[in-house]
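Top line first, the protein sequences correspond to chains Y and P. Per my numbering, numbering through the first sequence is continuous, rising by one, with the last residue being 1029. Per my numbering, numbering through the second sequence is continuous, rising by one, with the last residue being 432. Just so you know, even glycine gets a beta-carbon here, dropped at the ideal spot from N, CA and C.
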Amino acid sequence: MRYRKALIMTLALGTIWTRASFSGDALAPGEIVRACYARFYYAGDDMKARILMKLIDKGGQERIRDLTMLRKNSAEGGEQKYFIYFHQPADVKDTTFMVYKYPDKDDDRWLFIPAIDLVKRIAANDKFSSFVGSDFTYEDISGRKPEEDTHTLLREEDVDGRSCFVVESVPQERSAYTKRVSWIDKENFLPLKEEFYDKQNELYRRFEALEVKEDNGIPTATKRVMQNVKTGHRTEVTFQEVEYNAGIGDDIFSERYLRRPPLQWIE
Amino acid sequence: MDRIKTVCVVFISGALFFPVGKVWAAAPRFHGFAEMVYGPKVSDDNTQRDNFNLLEQRLQLKTKYLFEGEGALARKNSSINFKGDFTVDEYFSGKTDFELREFNFSTTPHDSLDVKLGRQVLTWGTGDYLFINDLFPKDYISFFTGRDDEYLKKPSDALKVSFYPSWANIDLVASRFEANTIADGGRLSFFDSFQGGIAGTNSDRDLLEPPLRPSNIEYALRGYRSLGSHEAAFYYFRGFDKNPGGFKDEAARQLFYPRLDVYGGSLRGPAAGGIGNIELGYYHSREDPDGKDRLIGNSRFKILTGYEKDLGNDFKVGFQYLYEQTLDYGNYSASLLPTDFVFDKFRHLLAQRITKLYKNQTVSVSLFNFYSPSDRDGYLRPTVSYDATDQWKLALGANLPWGEDDFTEFGQMKRNKNVFFRARYSF
Chain Y
763 MRYRKALIMT LALGTIWTRA SFSGDALAPG EIVRACYARF YYAGDDMKAR
813 ILMKLIDKGG QERIRDLTML RKNSAEGGEQ KYFIYFHQPA DVKDTTFMVY
863 KYPDKDDDRW LFIPAIDLVK RIAANDKFSS FVGSDFTYED ISGRKPEEDT
913 HTLLREEDVD GRSCFVVESV PQERSAYTKR VSWIDKENFL PLKEEFYDKQ
963 NELYRRFEAL EVKEDNGIPT ATKRVMQNVK TGHRTEVTFQ EVEYNAGIGD
1013 DIFSERYLRR PPLQWIE
Chain P
6 MDRIKTVCVV FISGALFFPV GKVWAAAPRF HGFAEMVYGP KVSDDNTQRD
56 NFNLLEQRLQ LKTKYLFEGE GALARKNSSI NFKGDFTVDE YFSGKTDFEL
106 REFNFSTTPH DSLDVKLGRQ VLTWGTGDYL FINDLFPKDY ISFFTGRDDE
156 YLKKPSDALK VSFYPSWANI DLVASRFEAN TIADGGRLSF FDSFQGGIAG
206 TNSDRDLLEP PLRPSNIEYA LRGYRSLGSH EAAFYYFRGF DKNPGGFKDE
256 AARQLFYPRL DVYGGSLRGP AAGGIGNIEL GYYHSREDPD GKDRLIGNSR
306 FKILTGYEKD LGNDFKVGFQ YLYEQTLDYG NYSASLLPTD FVFDKFRHLL
356 AQRITKLYKN QTVSVSLFNF YSPSDRDGYL RPTVSYDATD QWKLALGANL
406 PWGEDDFTEF GQMKRNKNVF FRARYSF
């Protein structure tokens, strides 16, 4: 009896201690997902990354999307601005794309088509459509708010030698999936694996983070893959250069720079 | 000994390659595409050729030279931009041509000021294929034959100055007059009042462009700012009608481009789960301000509203409604001669665009439809395109204008129906 009490005390203390160190076993599943959302989508005050996406179909034919992404946060979990410049393929070179992401309403999106000097406003109420033909949706790129799902901690499990929380998320709001299972690294809270289930409750997409590197002490999944297991199409993503807290000015996220890409940030 | 030889070879080849390598690094890199387009006709007319109205090969080259180093131009983010098209046009028996689409110098002399001088493509406004305050030149022959959308926009020789004070963005453009390219009977038939109907090679109109002189420079101004998620803009244009809207000498079949001022505004932003836009413009006919001159087009009022929505699964729909009204219509009708064609006071035009993407967005199926209940005419543009690889793109489509009358905007084009096929290799 006494022994049991001591054990409970130890566990409780352990819980408090690990909570403070931000890697506790007793974290509520919602908190785990919120931490993951913050680390994955809001890391740093701003971010600059050169990203190579390979879109590979079932037959192995490859298309590429080579882009620079700039992101700036106004507050963690709050408004964000994205600026994307396409380097390749040739037919979309110099095309730019800008997103203002709001926590509580639809994004504002603009696309600049250089051949016709046109800044086009893009209807953005569908977050589940594919980002530039890849297996990632717009929601995958800019994040789904943790409050839109209910989360359950299923178990703990290792992924490539890293111990992870395995959390199941079931949507409360409109969603492209009916269930998502995430393997979240207990130490850095990055999602190392995610599985998405469709209406038939069958697995249809699988995300994996294959490599994690640090810049400025901030870990980034620098190699990622999203596979559509139903169609056999997959998208491999490499973050070739990542820089956090680079000091990207707010003025970059404007029509001016859509038409005239900011060379100091995109080259 | 061998080692010394190797070192020498490496050193010499290094010395040879180093400057070559430097030259290559500094040489501009070209991008662009090679394209073949073919547009067989599916209706008869009396233009130059009966069986097709488009057959050409095109090579587009573009490059950009960035000023580098410590010089003043480099510090001001300056660049020279070039884009040019070499064409072989089988419609005109293999005529070769070169079209300079862009050749300009661009710089940022001040933090809140951009300048672009030279040949450039210019666009603004909120419409989709419908333009009220965008008075920059268009090429409607390209549009009606099925060239890529890029070629609907004609380049301008212009100076564009953009100011970015904190409260708004302001663009000011001064440009040389450049007329719209419109059907002239050579490639496309159209309504020619001198011929009393739809005309082809029999048309012998003489279009008189304003000569280049300081008083004929055109000015276009846009001020815009965001209001939350919405964008508001105002526009001003002072120049000439881009279409030959005035008769100079009827006996000599001479038409000209009357002076025109346009005042307008627009608002665009999220509405009802999609993007809504509204734009209006007042066209002031400076050479016929009260509408009493039957030879010159009257002042007009135009308003355009549009709505686009993403329905999910890469399926988008868009609707537009354009209303045009000829002002001082009483003066216009009173001035007409009994033999003149009478144009309506009002025009209503509806447009729809439906786009659906398939196969990881490599296949695009789209339908654009214009329909005017007042003119009883319309224009259907179905297109299917396929990105076979990142380099190869194939497109198949049709241009199907129709109309009950011969003199309405789309009705006059009704004998130009075609299908078109494009194959493009980008590099």
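One alpha carbon belongs to D49/P, the other to A179/P, and they sit about 42 angstroms apart. Using beta-carbon distances, L814/Y does not count as an interface residue toward chain P, since no partner is under 8 angstroms. Close CB contacts of K816/Y within its chain, under the 6 angstroms cut and outside five residues either way in sequence, are with E824, I826 and E998 (chain order).
Under the 8 angstroms criterion on CB atoms, H115/P is classed as non-interfacial with respect to chain Y. Of all C-beta pairs linking the region 113-126 of chain P to the region 218-226 of chain P, fewer than three are shorter than 8 angstroms, placing the two stretches out of contact. Contact check for F845/Y against K855/Y fails: the beta carbons are separated by 8 angstroms or more.
About 13 angstroms separates the beta carbons of T331/P and D380/P, which is beyond the 8 angstroms limit, so they are not a contact pair.
Scanning its chain for C-beta atoms nearer than 6 angstroms, with the 5 sequence neighbours on each side dropped, one finds around L355/P the residues Y326 and Y376, in chain order. One finds nothing in chain P with a Cβ atom closer than 8 angstroms to the Cβ of A837/Y; even the nearest lies about 18 angstroms away. In the DSSP assignment, A356/P falls within the unbroken beta strand (DSSP E) covering F351 to Y363. For the pair of segments examined, the region 377-396 of chain P was found to touch the region 360-368 of chain P: the number of CB pairs separated by less than 8 angstroms reaches three. CA-to-CA, the gap between S371/P and A400/P works out to about 11 angstroms. In this structure the region 833-842 of chain Y touches the region 790-806 of chain Y; the number of beta carbon pairs closer than 8 angstroms is three or more. Counting only runs that start and end inside the region 33-110 of chain P, the beta strand (DSSP E) elements of at least 3 residues fall at 36-45, 57-71 and 84-94.
At the C-beta level, N423/P and P45/P come within 8 angstroms of one another. In the DSSP secondary-structure assignment, T940/Y is not bridged to any residue. Ranked by how close their Cα comes to the Cα of T206/P, the residues F373/P, R152/P, Q200/P and G191/P have G191/P in first place.
Checking the DSSP bridge columns, you'll see E919/Y partnered with C926/Y. L265/P is positioned such that its CB atom lies closer than 8 angstroms to that of S290/P. The continuous beta strand (DSSP E) containing Q330/P extends over residues F320 to T331. The beta carbon of K321/P falls within 8 angstroms of a beta carbon belonging to chain Y, placing the residue at that interface. Sixteen is the threshold: when 16 or more other Cβ atoms of the shown chains lie within 10 Å of the Cβ of R273/P, as they do, the residue is buried. Taking the Cβ atoms as the reference, I137/P lies roughly 5 angstroms from K307/P, within the contact range of under 8 angstroms. In chain Y, no part has a C-beta under 9 angstroms from the C-beta of S180/P; the shortest such distance is about 13 angstroms. C-alpha of D209/P to C-alpha of D410/P: approximately 22 angstroms in a straight line. Going by DSSP, E1017/Y is part of the alpha helix (DSSP H) stretching over E1017 to R1021.
The alpha carbon of L954/Y has as its nearest neighbour, out of V943/Y, Q962/Y and K961/Y, the alpha carbon of V943/Y.
Interface flag for Y328/P against chain Y is unset, since no Cβ pair is found closer than 8 angstroms. Considering only S231/P, L71/P, Q200/P and T131/P, the residue with the shortest C-alpha distance to P170/P is S231/P. In the DSSP annotation of this structure, the continuous segment of the alpha helix (DSSP H) that includes R796/Y starts and ends at P791 to Y803. For P114/P, the closest C-alpha among the options S83/P, G335/P, T131/P and E255/P is that of S83/P. Excluding its 5 nearest sequence neighbours in each direction, F951/Y has C-beta neighbours in its own chain below 6 angstroms: A797, C798 and R801, listed in chain order. Interface flag for N963/Y against chain P is unset, since no Cβ pair is found closer than 8 angstroms. Any Cβ of chain Y closer than 8 angstroms to the Cβ of L127/P would place that residue at the interface, and such an atom is present.
Look at S937/Y: its C-beta is not under 8 angstroms from any C-beta on chain P. Counting only residues of its own chain and dropping the five nearest sequence neighbours on each side, P865/Y has a CB closer than 8 angstroms to the CB of G839, G840, E841 and K907.
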